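Student: Chains as they are written, first to last, in the working numbering: chain A, -18 to 324; chain B, -18 to 324; chain C, -18 to 324. We treat Cβ as the ideally placed atom computed from N, Cα and C, and that holds for glycine. Every value quoted in this text rests on a predicted model; they were computed, and no experiment measured them.
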Amino acid sequence: MAKTNPGRFFEDYKLGDVIAHAVPRTVGEGERALYHALYPARHALYSSDEFARDCGLPESPLDDLAAFHVVFGKTVPDVSLNAVANLGYAEGRWLQPVYPGDTLRSVSEVIGLKQNSNGKSGVVYVRTRGMNQLGEVVLDYVRWVMVRKRDLDAPAPETVIPELQKVIPAEDLVIPEGLDFSNYDFAQAGEPHRWGDYELGEKIDHVDGVTIEEAEHMMATRLWQNTAKVHFDATFRPDGQRLIYGGHVISMARALSFNGLANAQMIVGLNGGAHANPCFSGLTLKAWSEVLDKAETSAPGVGAIRLRLVATRGGEPFELKGEDGKYLPDVLLDLDYWALMPM
Amino acid sequence: MAKTNPGRFFEDYKLGDVIAHAVPRTVGEGERALYHALYPARHALYSSDEFARDCGLPESPLDDLAAFHVVFGKTVPDVSLNAVANLGYAEGRWLQPVYPGDTLRSVSEVIGLKQNSNGKSGVVYVRTRGMNQLGEVVLDYVRWVMVRKRDLDAPAPETVIPELQKVIPAEDLVIPEGLDFSNYDFAQAGEPHRWGDYELGEKIDHVDGVTIEEAEHMMATRLWQNTAKVHFDATFRPDGQRLIYGGHVISMARALSFNGLANAQMIVGLNGGAHANPCFSGLTLKAWSEVLDKAETSAPGVGAIRLRLVATRGGEPFELKGEDGKYLPDVLLDLDYWALMPM
Amino acid sequence: MAKTNPGRFFEDYKLGDVIAHAVPRTVGEGERALYHALYPARHALYSSDEFARDCGLPESPLDDLAAFHVVFGKTVPDVSLNAVANLGYAEGRWLQPVYPGDTLRSVSEVIGLKQNSNGKSGVVYVRTRGMNQLGEVVLDYVRWVMVRKRDLDAPAPETVIPELQKVIPAEDLVIPEGLDFSNYDFAQAGEPHRWGDYELGEKIDHVDGVTIEEAEHMMATRLWQNTAKVHFDATFRPDGQRLIYGGHVISMARALSFNGLANAQMIVGLNGGAHANPCFSGLTLKAWSEVLDKAETSAPGVGAIRLRLVATRGGEPFELKGEDGKYLPDVLLDLDYWALMPM
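(1) For a cutoff of 7 Å on Cβ pairs, would you count S262 (chain A) as touching chain B?
(2) Look up M(-18) (chain C) in the DSSP assignment and say whether it is helix, strand or coil.
(3) If you check the beta carbons only, do A245 (chain C) and E172 (chain C) fall under 7 Å apart?
(4) From R287 (chain A) to T208 (chain B), what distance separates their C-alpha atoms?
(5) Return the Cβ separation of T7 (chain C) and D30 (chain B) in integer angstroms, given the expectation that the two are a contact with Cβ distance under 8 Å.
(6) Applying a beta-carbon distance threshold of less than 8 Å, which residues of chain B neighbour L15 (chain A)?
(7) List the whole-angstrom C-beta distance separating P281 (chain B) from F162 (chain B), where the pair is believed to meet the contact cut-off of C-beta under 8 Å.
(8) Opposite L316 (chain B) in the DSSP bridges: which residues?
(9) Could you tell me which chain C residues have their CB closer than 8 Å to the CB of E172 (chain A), listed as they occur along the chain?
(10) Report the residue from A:V188, A:V230, A:K147 and A:H17 whose alpha carbon sits nearest the alpha carbon of G253 (chain A).
(11) When the Cα atoms are used, what is the spatial distance from M(-18) (chain A) to E271 (chain C)?
(12) Quick check: the stretch 100 to 118 of chain B against the stretch 174 to 187 of chain B, are there 3 or more CB pairs under 8 Å?
(13) With H229 (chain B) as the anchor, note down where its alpha helix (DSSP H) starts and where it stops.
(14) Determine the extent of the alpha helix (DSSP H) in which V52 (chain A) is found, giving its start and end residues.
(15) Closer than 6 Å by C-beta to A151 (chain A): which residues in its own chain qualify, once you throw out the five before and the five after it? Chain order, please.
(16) If you reduce the DSSP assignment to three classes, tell me which class H198 (chain B) lands in.
(17) To the nearest angstrom, how far is it from the Cα of V283 (chain B) to the Cα of E158 (chain B)?
(18) How far does the alpha helix (DSSP H) with L26 (chain C) in it reach, from first residue to last?
(19) Cβ closer than 9 Å: which chain B residues qualify as neighbours of N(-14) (chain C)?
(20) Could you give the residue range of the beta strand (DSSP E) that holds R86 (chain A)?
(21) Over the uninterrupted beta strand (DSSP E) stretch that includes L(-4) (chain A), give me the two end residues.
(22) Check the DSSP bridge columns for T192 (chain A) and list the partner residues they point to.
(23) With a Cβ-Cβ cutoff of 7 Å, do T216 (chain A) and A215 (chain B) count as a contact?
(24) Since L120 (chain B) is in the beta strand (DSSP E), which residue starts that stretch and which ends it?
(25) Judging by CA-CA distance, which residue of C:A137, C:Y70 and C:A14 is the nearest neighbour of L94 (chain C)?
(26) Beta carbons nearer than 7 Å to chain A: which residues of the stretch 72 to 85 of chain B have them?
(27) Give the residues of chain C in contact with V105 (chain A), contact being defined as C-beta atoms less than 7 Å apart.
(28) List the endpoints of the continuous alpha helix (DSSP H) containing E10 (chain B).
(29) Taking C-beta pairs closer than 8 Å, name the residues in chain A that D214 (chain B) reaches, listed in chain order.
(30) Can you pull the chain C neighbours of Y326 (chain B), defined as C-beta to C-beta under 9 Å?
(31) Please list, in chain order, all residues of the same chain as T140 (chain B) whose beta carbon is under 8 Å from its beta carbon, the five residues on each side excluded.
(32) Between which residues of its own chain and L251 (chain B) is the CB-CB distance below 7 Å, once the five residues before and five after are set aside?
(33) Quick one: list the residues of chain A neighbouring V5 (chain B), beta-carbon separation under 8 Å, in chain order.
(34) Could you name the residues that DSSP lists as bridge partners for R6 (chain C)?
(35) When you compare the stretch 217 to 224 of chain B with the stretch -16 to 3 of chain B, are there three or more beta-carbon pairs, one atom per stretch, that lie closer than 8 Å?
(36) According to DSSP, simplified to helix, strand and coil, what is D178 (chain B)?
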């Protein structure tokens, strides 16, 4: 028993700890195909090498969210095996596309700690970096989780809460080298709507729905080598349900958002996100978006658009929170991200 | 809402319209592996690069039906989003194999229109061409669908029904360049039966059955970027069932037909096809075939065989239609195609 | 009907028969990705090209069990289509890693025959070799199955039971050329435990569990082109259950054993194995291991460890057989294999 990983408990984290997460992963054409089988992903830049080349990239990269999941998955055994809840994300930036053949690894630094007043758990803040085989950082984000204590008598650490940007300023977004939307092919991309066609506050109902299957969310979650028991073992929760990895909900909602946001091609920033309610198999996931902000960029023909992406399990589109300020029970996800769009 | 695709209605089609369908797609080893995971596909030419080379091809191509699905999937948002029924196929020809790394796109031309007498819908005929990154046509077929009208007062177009060949003449089939079955390895292919061993009218019960799963048909249908809601959203139909993409039935039946037709290697012609009854998860699909015709070709050792492929959900093999001339309720698919076989 | 494969019956096997199994298969990145989607596989050597290179291999090979499944799958139509039971394995040795792009085929030789006393069936022993496109043997193993007779009056063959090693001597294990664990990165591999840290008789509960899904086991089994009806057709067994391919259980258990045996990187020997009880979808599979033996090897930094891997569907870990000497009902698999580990 001593040889298996019990996961870290709250008192095992020290401010400044740097954790090199295990199991590097080479991603390739297989992961790309599986992403298209598991999600109704249709963004042309990730579907066609030709389209990607016409946009100045060497070939079609791995979906940005797939890159996120691979980097995230590695952190689970060290960060969230004993987590009670995944509380939030901030300052997520994609710094470099991931291409077939790249090998990814992840490193996290503990940047904040706060024991809860009940003394039984605490919040751990980590900044995670995903790196490729050249040591280049491809992704950088902060997340914070609530983690149980093993020893309730362990002393509370000094409380340090990192100062995190609520929104990444548009000027801090990193545009992939060479990206050029000057000759963007709107017909092949699937929709005529360009950056200038979206208005602040505009809301889009993405219309389509997908009913969630156990085999699909497990295959997706395994593919990213996420080991959290709760996603795979129906005997783990008293209700016999497998909790679905939040990243599955993110990817499904993002893929559904193609219908209305086909030209929001690349995700470059993750401002924040909340998994408002748990997701289980059998429900039908739908999505809607809201335009939160827009900004120009220095790349030719490339605009940035800040979007709220909401996944629901029913209910009316565009309804988010109740009068009590809490998420409505049908809301599964509230994500705030930056994407790149042709101007 | 204005930004999402409502699909075209009957009155939106004009004779001669050319529609460049969106989202080009690079296919690769991942798609090939998924095809083998989703269907019990065993035809050696599509399983082994070595076998393909011994038959004169540069490497193992993507399964012909996978190529069909990719080309077909792109047409769904433009052609069949508001379709009431997929009525038929004709004059389908595979003109060039699709290899890993190829990027496919699709273009359709409206070649026929006929408003129904009820004034609520009409039949649209399109000829669809799938092209690779060199602009070469890899596949060409006609299909016709019944599409709803949005505005019942829209005037009926002039009725034009294209003249379509009931069967593609064998001399019009295109044999892939270099294909040579002179040194065909029957032992490695799995069966000793050559072109000369099949008789006109011969029927083959393929014996094996596969029980259909939601996760599998959805993964397949997504992989081809087919967006029809009815395949994915269990809340879409009043009965709560997801209708299975007809192409999933075609691929499953074709893969099952290996047992008895292991040497019917390449599909080069689609004469016609009917989705006789809807397919849902939980049923067990079986298949039988009938030899409809045979022809010689100009390629060394290569014969053509015309086959009826029938998929059923039970019942006795070889039963197709009732006394009323209608398909029996257990029949799911009646497909008429040309394949290439070693002589 | 005459064209489909009825499978061989007991009286169809003759001692010394050599069967070249059909359908060669090129494996690639797609198969690798699917293996990671279907199993929680995390062994670093099979996850990262970089890690594999640091261990002296040219790139990350296909999982050893995936290679086994591909070789095994080809034998099913010739060996076990009419099998009543898969009785055992012995003398399995991996002789060469399988890399993306390799094309595998299989050949079996009948090395033993014994008609059962009831006269209705018999035991067939075959030695199967898997070969790559260069004709190099990549895998060699013996298995024996109980096969029905078609003609009960067929005379019994002379009984020949091959002498099989109960355990492959460590010195007969083949270490992949170039393998070198001198600079093994334990942090990236996921656990600090080296060969010297494991004691004879030590038992490890791998803790994690996976609930089995129909779509997953069917996709896995199809991927290896295993055609046994019982895995795919819910109407085949009177109870309406699809029996799960024993190799799915092996791969799932092996992947779960990462937690505690992350450094048991390569499988090089299969001493024996029993599928103690049938596996069906819906159950939750767990695993435990026992260290049976250890040996040094000639490769730098590489030790061999002999492990018992047990898969269960519940019950207490480390319980295997009842007082009657029979496997407990919760035990699904009892596998005995050699793996390579950094010293």
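Tutor: On the basis of the supplied data:
(1) Here residue 262 (chain A) refers to the residue found at position 281 of the first sequence. With 7 Å as the cut-off, S262 (chain A) does not count as an interface residue toward chain B.
(2) Mapped onto the third sequence, residue -18 (chain C) falls at position 1. Confidence at M(-18) (chain C) is low in this model, with a pLDDT of 47, below 50, so the placement of that residue should be treated as unreliable; the coordinate-derived value is given next. If DSSP states are grouped into helix, strand and coil, M(-18) (chain C) belongs with coil.
(3) The count along the third sequence starts at 1 and reaches residue 245 (chain C) at position 264. The count along the third sequence starts at 1 and reaches residue 172 (chain C) at position 191. Not a contact, by the Cβ cut-off of 7 Å.
(4) Numbered from 1 along the first sequence, position 306 holds the residue referred to as residue 287 (chain A). Numbered from 1 along the second sequence, position 227 holds the residue referred to as residue 208 (chain B). Rounded to the nearest angstrom, the two C-alpha atoms are 26 Å apart.
(5) As a first step, residue 7 (chain C) must be located in the third sequence, where it is residue number 26. As a first step, residue 30 (chain B) must be located in the second sequence, where it is residue number 49. Confirmed, Cβ separation roughly 4 Å.
(6) For the purposes of this step, residue 15 (chain A) is identified with residue 34 of the first sequence, where counting begins at 1. Correct list: G11 and L15.
(7) One-based indexing of the second sequence puts residue 281 (chain B) at position 300. One-based indexing of the second sequence puts residue 162 (chain B) at position 181. Yes, P281 (chain B) and F162 (chain B) are in contact; Cβ-Cβ is about 7 Å, under 8 Å.
(8) Numbered from its first residue, the second sequence carries residue 316 (chain B) at position 335. In the DSSP output, where bridge partners are listed per residue, L316 (chain B) has B:G254 and B:L290.
(9) On the first sequence, position 191 is the one that residue 172 (chain A) refers to. Per Cβ cutoff of 8 Å: no residues; E172 (chain A) is ~30 Å from chain C at best.
(10) By one-based count along the first sequence, residue 253 (chain A) stands at place 272. The residue with the shortest Cα to Cα distance from G253 (chain A) is A:K147.
(11) The residue given as residue -18 (chain A) occupies position 1 in the first sequence. The residue given as residue 271 (chain C) occupies position 290 in the third sequence. Confidence at M(-18) (chain A) is low in this model, with a pLDDT of 47, below 50, so the placement of that residue is unreliable and no value is reported for it.
(12) no
(13) Mapped onto the second sequence, residue 229 (chain B) falls at position 248. H229 (chain B) -> alpha helix (DSSP H) spans G227 to L237.
(14) Start at 1 with the first residue of the first sequence, and residue 52 (chain A) comes out as number 71. Start and end: D45 to T56.
(15) Locating residue 151 (chain A) in the first sequence gives position 170, where the first residue counts as 1. Once the five neighbours on either side are set aside, the close Cβ partners of A151 (chain A) are A276 and A285.
(16) As a first step, residue 198 (chain B) is located in the second sequence; it is residue number 217 there, counting from the start. H198 (chain B): helix per DSSP, three-state reduction.
(17) Counted from its first residue, the second sequence places residue 283 (chain B) at position 302. Counted from its first residue, the second sequence places residue 158 (chain B) at position 177. Roughly 12 Å separates the two Cα atoms.
(18) The residue you call residue 26 (chain C) lines up with position 45 of the third sequence. Counting along the chain, L26 (chain C) falls outside any alpha helix (DSSP H), and DSSP gives it neither H nor E.
(19) Numbered from its first residue, the third sequence carries residue -14 (chain C) at position 5. Per Cβ cutoff of 9 Å: G171, E172, V188, N240, G241 and A243.
(20) Your numbering for residue 86 (chain A) matches position 105 in the first sequence. That run of the beta strand (DSSP E) goes T84 to Q96.
(21) As a position in the first sequence, residue -4 (chain A) is number 15, starting the count at 1. From DSSP, L(-4) (chain A) is part of no beta strand (DSSP E); its letter is neither H nor E.
(22) Position 211 of the first sequence, counting from 1, holds the residue named residue 192 (chain A). T192 (chain A) is bridged to A:T265.
(23) Counted from its first residue, the first sequence places residue 216 (chain A) at position 235. Counted from its first residue, the second sequence places residue 215 (chain B) at position 234. No, the Cβ-Cβ distance between T216 (chain A) and A215 (chain B) is not below 7 Å.
(24) For the purposes of this step, residue 120 (chain B) is taken as the residue at position 139 of the second sequence. Start and end: V118 to R129.
(25) The residue labelled residue 94 (chain C) in the question sits at position 113 within the third sequence. Among C:A137, C:Y70 and C:A14, the Cα nearest to that of L94 (chain C) is on C:A137.
(26) T84
(27) Taking the first residue of the first sequence as position 1, residue 105 (chain A) is located at position 124. Simply none; closest approach about 20 Å.
(28) Locating residue 10 (chain B) in the second sequence gives position 29, where the first residue counts as 1. It spans E10 to L19 - the alpha helix (DSSP H) in which E10 (chain B) sits, taken as one unbroken run.
(29) Position 233 of the second sequence, counting from 1, holds the residue named residue 214 (chain B). Neighbours of D214 (chain B) on chain A, chain order: D189, G190, V191, T192 and T265.
(30) Given that chain B is displayed from residue -18 to residue 324, the structure contains no residue 326 (chain B) and the question cannot be resolved.
(31) In the second sequence, residue 140 (chain B) corresponds to position 159, counting from 1. Hits under 8 Å: L94, K95 and Q96.
(32) In the second sequence, the residue the question calls residue 251 (chain B) occupies position 270. Result list for L251 (chain B): Y70, G73, Y122 and Y318, in chain order.
(33) For the purposes of this step, residue 5 (chain B) is taken as residue 24 along the second sequence, with counting starting at 1. The question names Val, but residue 5 (chain B) is Pro in the sequence shown. Correct list: A25, S28, S29, E31, F32 and Q169.
(34) Here residue 6 (chain C) refers to the residue found at position 25 when the third sequence is read from its first residue. Paired residues: C:L85.
(35) no
(36) Walking along the second sequence from the start, residue 178 (chain B) turns up at place 197. Residue state, collapsed to three classes: helix.
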